[in-house]
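Undergrad:
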Amino acid sequence: MCDYTKVTYKCGHYRLLVKAWCNLYVSSQGTKRCLVNVATTEEKTLENCSSM
172 MCDYTKVTYK CGHYRLLVKA WCNLYVSSQG TKRCLVNVAT TEEKTLENCS SM
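So for the sequence shown, this note's numbering puts the first residue at 172; every next one is plus one.
See the structure below:
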């Protein structure tokens, strides 16, 4: 599983940012996707996402 950081914004939207690609994704050169593993979370309560 690839590790992701979940970033939550003031508006309630969130983004999943890649923290580390897994071996399957790297060896397939990005053609095979794997499950998401949220390894860390981050709260940006003073910022809106870019869609606002």
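Note that beta-carbon positions come from the ideal geometry of N, C-alpha and C, so glycine has one too.
Kindly list the residues whose CB is nearer than 8 Å to the CB of Trp192, restricted to its own chain and excluding five residues on each side of it in sequence; keep chain order.
TA: By 1-based counting over the sequence shown, the position of residue 192 is 21. Cys173.
Undergrad: Given Lys203, which residues of its chain have a CB within under 8 Å of its CB, disregarding the five upstream and five downstream residues?
TA: Start at 1 with the first residue of the sequence shown, and residue 203 comes out as number 32. Result list for Lys203: Leu195 and Tyr196, in chain order.
Undergrad: Is any heavy atom of the ligand SAM found at a distance shorter than 7 Å from the C-beta of Asn194?
TA: Because no ligand of any kind appears in the structure shown, any question about the ligand SAM cannot be addressed here.
Undergrad: Looking only at C-alpha atoms, which of Ser199, Thr176 and His184 sits nearest to Thr216?
TA: Along the sequence shown, one-based indexing puts residue 216 at 45. It is His184 whose Cα lies nearest to the Cα of Thr216.
Undergrad: With respect to the alpha helix (DSSP H) encompassing Leu217, which residues constitute its N-terminal and C-terminal limits?
TA: What you label residue 217 is simply residue 46 of the sequence shown in a count that begins at 1. Premise fails: Leu217 is in no alpha helix (DSSP H) and is neither H nor E.
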